[in-house]
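Undergrad: This is the structure, below, for whatever I ask next.
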């Protein structure tokens with residue numbers, strides 16, 4: 097994997113770059129639609145290609161449980177299994193074990209957990225999570241990390257930061273021994289403590305990962321805390337490596353993080369909101385359930401070029417939502433994912449012109465005003 | 097509307113024809129995907145076009161309640177509202193009032209019912225159902241009919257048959273007075289009584305509809321009774337008019353009805369089955385939930401050219417079903433609807449060659465064996 101930076105905005109940390117993988121290039125900053133189980137909810141792979149998705153996300157925890165590694169192995173990886181031939185990044189599952197499993201026991205060697213589907217017990221270690229992701233053949237794999245939770249005590253945070261470093265080292269050594277053509281990213285933990293974040297980064301930096309992620313944010317902390325950690329930490333991540341902010345976010349969060357040098361994003365928000373009728377537009381959020389759209393023959397957003405906006409009116413989309421038609425989820429998701437990917441394209445263009453700060457201000461004073 | 101018959105199979109009543117409407121031609125025999133509320137469940141209009149759908153169904157009862165006629169009128173009809181520019185046929189809602197409403201009162205002048213959504217009461221008459229469908233601007237509208245239920249007493253059946261004739265006359269006169277460029281079909285009732293079916297047909301025949309439908313079948317009667325009425329009645333329907341068997345069916349039912357001269361079909365079966373994981377194939381039904389497909393890298397049906405079969409394996413589709421992904425409903429529905437439309441294409445081709453009977457036998461002894 098190669099990462100090139102074509103331009104760093106003159107007025108902030110924002111960077112325009114390209115991540116090259118064996119399955120294609122990814123222009124950064126990029127948003128990665130979330131396809132937890134090997135499917136972005138309510139979209140076909142064709143819809144994703146039409147929406148210009150360059151990379152999608154999978155989840156090790158989910159894929160390990162279903163369809164299971166024997167199936168993934170039979171298909172020689174997730175790409176072939178799910179019919180997506182562009183890059184895939186897989187999260188390690190560290191966060192999902194924490195958030196979904198009814199039983200979790202963190203040990204020095206790894207984490208025991210029970211499946212949220214059938215209660216079966218498993219043990220994830222830094223090494224076997226590498227092995228699993230090698231079988232998935234994800235273009236970018238994430239190390240197994242330990243998340244202290246939010247809020248968390250200082251002791252828990254210290255413990256989690258240290259364990260994350262220990263696990264990262266084991267994962268890195270194991271990954272390197274496999275001579276995989278794919279990439280492995282480390283995950284910086286440390287919660288809301290700048291001191292621990294610096295320590296975590298220092299630990300990981302020595303391991304020379306192909307990329308660095310910020311974990312443990314967008315977990316319920318106040319937005320000011322989120323901003324504080326991102327603006328403090330992101331610029332310190334290795335400059336010549338891709339930087340990935342995990343699980344964030346809103347357009348506002350993305351703008352904040354790009355300004356401070358983040359390159360990669362994933363979030364369920366655009367797809368989840370779509371299914372609930374909340375649509376992103378160039379003039380702010382639009383609730384398609386609203387009665388005022390009952391007769392509205394305009395598209396969701398006349399500036400949007402997505403399949404939904406080219407073909408359907410707000411009135412029809414409101415009708416589909418009210419009737420709980422599956423096509424409501426499909427058409428809304430196509431729009432929101434297209435909006436996010438188009439938004440990232442605009443961000444990239446503004447960085448190219450060294451005008452990201454202006455783009456950000458225009459966005460916040462324009463379509464994001466009052467959000 | 098023009099209806100031409102290009103060939104009548106030499107060995108049975110099957111006909112190859114073309115129905116010409118202002119919104120395009122329909123090759124018959126044809127299957128019409130059911131888009132009750134102006135959306136075929138789990139498909140976009142693009143998916144329908146790719147599946148080669150030539151005409152879709154809407155429902156007067158459902159569309160009248162949601163989005164309501166004021167919305168439909170604002171869009172100058174359903175086509176413009178839902179983004180489908182090929183022909184649409186609308187059922188009158190007679191059957192839906194019977195099957196969905198919690199309160200129904202049949203009177204000489206029409207039927208009182210309460211909405212299954214919010215309990216609001218309405219009164220449908222033969223005339224206002226014509227008016228509603230003129231606002232919908234469906235290319236083919238159905239008269240308001242009265243269904244006796246199944247099973248039904250002789251008295252109820254007689255009453256329903258007579259009322260259907262009375263209503264049809266009122267609907268026909270009203271429709272003709274409007275000088276609509278669209279078509280209106282009458283619906284033959286009479287339950288499982290050949291005598292009443294003949295009477296109903298005689299009543300309607302005098303009204304010279306643009307097409308004739310068989311109503312009141314596929315409502316739970318034994319398959320032999322279904323076959324008896326279809327083979328008795330269908331060949332007696334006016335030869336030079338399209339013949340439509342409402343709400344049937346299975347591939348077997350379609351074959352039976354085509355043999356006896358039926359041209360048009362609609363049924364929720366392919367889409368509903370798809371959502372439940374039952375897929376139609378050229379070798380019989382396939383239950384995608386089945387464990388034996390967990391590792392199966394074949395498409396649902398290697399003879400099928402649909403988007404799903406071109407791109408996805410049984411193993412992946414099984415996985416999506418198990419994970420209850422919305423894409424499971426999308427991909428399965430695309431396949432089943434494509435299968436049905438392709439099946440109708442094969443039927444048409446066999447009639448062209450005067451080989452429908454052979455096609456039917458081959459199908460029943462082949463892919464439909466044991467169904």
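Residue numbers (my numbering), protein chains in the order written: chain D, 97 to 467; chain B, 97 to 467. We put the beta carbon where it would ideally sit given N, CA and C, even for glycine. Here the structure is a predicted model, which is why all the values come from computation and not from measurement.
#1: Please tell me whether residue 437(B) and residue 127(B) are closer than 8 angstroms, where the distance is taken between their beta carbons.
#2: Which value, in whole angstroms, describes the spacing of the CA atoms of residue 281(D) and residue 234(D)?
#3: Would a check of beta-carbon distances place residue 211(D) closer than 8 angstroms to chain B?
#4: Which of helix, strand or coil does DSSP assign to residue 330(B)?
#5: Looking at chain D, is there any beta carbon in it that lies within less than 8 angstroms of the beta carbon of residue 163(B)?
#6: Taking the beta strand (DSSP E) that residue 279(B) falls in, what are its first and last residues?
#7: Chain B partners of residue 167(D), CB-CB under 8 angstroms?
#8: Counting only runs that start and end within the region 394-428 of chain D, where is the alpha helix (DSSP H) found for 4 or more residues in a row?
#9: Interface residues of chain D around residue 419(B) at Cβ under 9 angstroms?
#10: Measuring only between beta-carbons, confirm whether residue 147(B) sits less than 8 angstroms from chain D.
#11: Please compile the residues from chain D whose C-beta is within a distance smaller than 9 angstroms of the C-beta of residue 179(B).
#12: Do you know how far the Cα of residue 125(D) is from the Cα of residue 148(D)?
#13: Assuming residue 356(D) and residue 319(D) form a contact by the criterion Cβ under 8 angstroms, report the distance between their Cβ atoms to the nearest whole angstrom.
#14: List the residues that DSSP assigns as beta-bridge partners of residue 309(D).
#15: Just the Cα atoms here: how many angstroms apart are residue 114(B) and residue 123(B)?
#16: So residue 403(D) contacts chain B; which residues on that side make the cut at Cβ distance below 8 angstroms?
#17: Once you ignore the five residues that flank residue 175(D) on each side, which residues in its own chain have a CB closer than 8 angstroms to its CB?
#18: Pick out whichever of 464(B), 286(B) and 447(B) has its Cα sitting closest to the Cα of residue 255(B).
#19: With 8 angstroms as the threshold, decide whether the Cβ of residue 197(B) is near any Cβ in chain D.
#20: Starting from residue 170(D), find everything on chain B with Cβ-Cβ shorter than 8 angstroms and list it in chain order.
#21: Return yes when the Cβ of residue 187(D) is within less than 8 angstroms of the Cβ of residue 156(D), no when it is not.
#22: Using a Cβ-Cβ cut-off of less than 9 angstroms, list which residues of the region 421-433 of chain B approach chain D; keep chain order.
#23: Specify, as a first and last residue, the run of the alpha helix (DSSP H) that residue 176(D) falls within.
#24: Using three-state DSSP, classify residue 293(D) as helix, strand or coil.
#25: What's the C-alpha gap between residue 258(D) and residue 373(B)?
#26: Could you spell out the range, first to last residue, of the alpha helix (DSSP H) harbouring residue 48(D)?
#27: Just checking residue 330(D) against the ligand HEM - is the residue's beta carbon closer than 7 angstroms to any of the ligand's heavy atoms?
#28: Who are the Cβ neighbours of residue 389(B) in its own chain at under 7 angstroms, not counting the five residues just before and after it?
#29: Counting Cβ pairs, one atom from each stretch, are 3 or more of them under 8 angstroms apart for the region 303-311 of chain D and the region 330-346 of chain D?
#30: Out of 164(D), 338(D), 226(D) and 245(D), which has the shortest C-alpha to C-alpha gap to residue 196(D)?
#31: Taking the straight line between their C-alpha atoms, what separation do you get for residue 307(B) and residue 349(B)?
#32: Could you check if residue 434(D) is buried or exposed, using at least 16 other CB atoms within 10 Å of its CB as the buried criterion?
#33: Find the nearest neighbour of residue 334(B) within the set 455(B), 361(B), 302(B) and 223(B), judged by alpha-carbon distance.
#34: Under the rule that 16 or more other beta-carbon atoms within 10 Å means buried, what is residue 273(D), buried or exposed?
#35: When you compare the CB positions of residue 190(B) and residue 252(B), do they come within less than 8 angstroms of one another, or not?
#36: Locate the alpha helix (DSSP H) running through residue 190(B), then write down its first and last residues.
TA: Reading off the structure:
#1: yes
#2: 12 angstroms
#3: no
#4: helix
#5: yes
#6: 279-284
#7: 390, 391, 411 and 415
#8: 403-407 and 410-418
#9: 132, 133, 134, 135, 158, 162 and 163
#10: no
#11: 407, 408, 409 and 412
#12: 14 angstroms
#13: Wrong, their Cβ atoms sit about 14 angstroms apart, outside the cutoff.
#14: 283(D) and 340(D)
#15: 5 angstroms
#16: 140 and 142
#17: 119, 181, 184 and 233
#18: 286(B)
#19: no
#20: 391, 393 and 411
#21: yes
#22: 421, 422, 423, 424, 425, 426, 427, 429 and 430
#23: 174-178
#24: helix
#25: 47 angstroms
#26: In this structure chain D extends from 97 to 467, so residue 48(D) is not present and cannot be described.
#27: Looking for the ligand HEM in the displayed structure turns up nothing, as the structure carries no ligands at all.
#28: 410, 411 and 414
#29: yes
#30: 245(D)
#31: 20 angstroms
#32: buried
#33: 302(B)
#34: exposed
#35: no
#36: 190-196
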